[in-house]
Each structure stands twice: as C-alpha cells, then as structure tokens.
Amino acid sequence: MKNSEINALSESEITARIAAEKENLTKLRFAHAISPIENPNRIKESRRLVARLKTFLRAKQLAK
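Going by numbering that gives the first Met the number 0, the first residue of the sequence shown is number 0, and it counts up by one from there.
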C-alpha cells in the first residue's frame, strides 16, 4: 500500500486496516513458526505497513 493511498483513507478506515494487518501478521508468524513460509520477507513488509499506518493515523489525529 502506497503512502498516497494511506493518506486518502479516513481515521476509521486506517484503524480498521491496522486491525486487519495485525491479524495478518499474527497468522504469518504462526505459519512461519510451524513450517517456514515461502517468502519470510512478507513478515517484515507487514510489520512495516502496520507502523506506517500507525504513523499516518497519529499525524491525522494531531492535525485536528
């Protein structure tokens, strides 16, 4: 997800997306613990996306 796409989302949409990405990250971690997943970089990408979403959410909250 690009920064311009994240910036276009509302606060509630960003919050929902954070929850969905956290759930996805948990599933990836469990899958990787059981048997190595094909592309372990997906874990890093997902973690960074959550951080990026939280950053944009905080910026929108401070802009109010």
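Using N, Cα and C, we set each Cβ at its ideal position, and we do this for glycine too.
| Asked | Found |
| --- | --- |
| Residue range of the unbroken alpha helix (DSSP H) whose run includes residue 58 | 40-62 |
| Residue 56, buried or exposed, once every other Cβ within 10 Å from all chains shown has been counted against 16 | buried |
| Nearest-angstrom Cα separation, counted from residue 23 out to residue 43 | 12 angstroms |
| CB contact flag (residue 53, residue 10, <8 angstroms) | no |
| Element boundaries [alpha helix (DSSP H), containing residue 10] | 10-33 |
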